[in-house]
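See below for the structure under consideration.
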Amino acid sequence: MKYDDTELKNRGIEYSAAVPFEKCEVINERKLGALEKRFTPRSVIVFLVPYYTGEEKRNISKYAIGKDYHLFMRGLFDDVCPRMSQIYGASFCGMADSAPINEVKAAAYAGLGMRGDNGMLINKTYG
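In the numbering used here, the protein residues as written are 312 to 438.
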């Protein structure tokens, strides 16, 4: 089944893509083992959350203003993962900065940006 980005677009996530798990670089075998106790990962959906804060003169992520970043992501995952499970008939779990894979490489492989010299992902819109 082809990946449909509607669920994330409905929540303001402009850039997302699916990547086959075998194309991802595993960086934490222990976390992967814990994940595999629940299900076998077949695909990874990567997405970008912008750091642009509008006209404000501070360099802080938009999702970090007012609400803790982890709470934002947990709320997003709590909402999106059950819906994606219904759509695709598969298990989904959300991870941010805690995945057993190299998230930047997965996003670059998915075409969401390129890896900069600093190791961060550079996107044409978000920087």
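In this text, a Cβ means the ideal position worked out from N, Cα and C, and glycines have one as well.
_At the level of alpha carbons, what is the spacing between MET395 and THR436?_
Inter-residue distance for MET395 and THR436 is about 26 angstroms (C-alpha atoms, whole angstroms).
*Between which two residues does the alpha helix (DSSP H) containing PHE383 stretch?*
Judged by DSSP secondary structure, PHE383 falls within the alpha helix (DSSP H) whose first and last residues are 380-399.
*asked:* For the region 336-348 against the region 422-430, do three or more pairs of beta-carbon atoms, one drawn from each stretch, fall closer than 8 angstroms, so that the two count as touching?
replied: When Cβ pairs closer than 8 angstroms are counted between the two stretches, the region 336-348 is seen not to touch the region 422-430, the count staying below three.
*Helix or strand or just coil, what does DSSP make of LEU423?*
Three-state DSSP puts LEU423 in coil, outside helix and strand.
_Tell me the DSSP secondary structure of PHE358 in three-state form._
Under the three-state reduction of DSSP, PHE358 is assigned to strand.
_Assuming contact is defined by CB atoms lying nearer than 8 angstroms, are VAL357 and ALA407 in contact in what I supplied?_
With respect to ALA407, VAL357 sits apart: the two C-beta atoms are not nearer than 8 angstroms.
*Throw me the rounded Cβ distance for the LYS334 and PRO411 pair, which I believe falls under 8 angstroms.*
Taking the Cβ atoms as the reference, LYS334 lies roughly 14 angstroms from PRO411, outside the contact range of under 8 angstroms.
*Mind checking which residues open and close the alpha helix (DSSP H) that includes ALA407?*
Where ALA407 is concerned, there is no enclosing alpha helix (DSSP H), given that its DSSP letter is neither H nor E.
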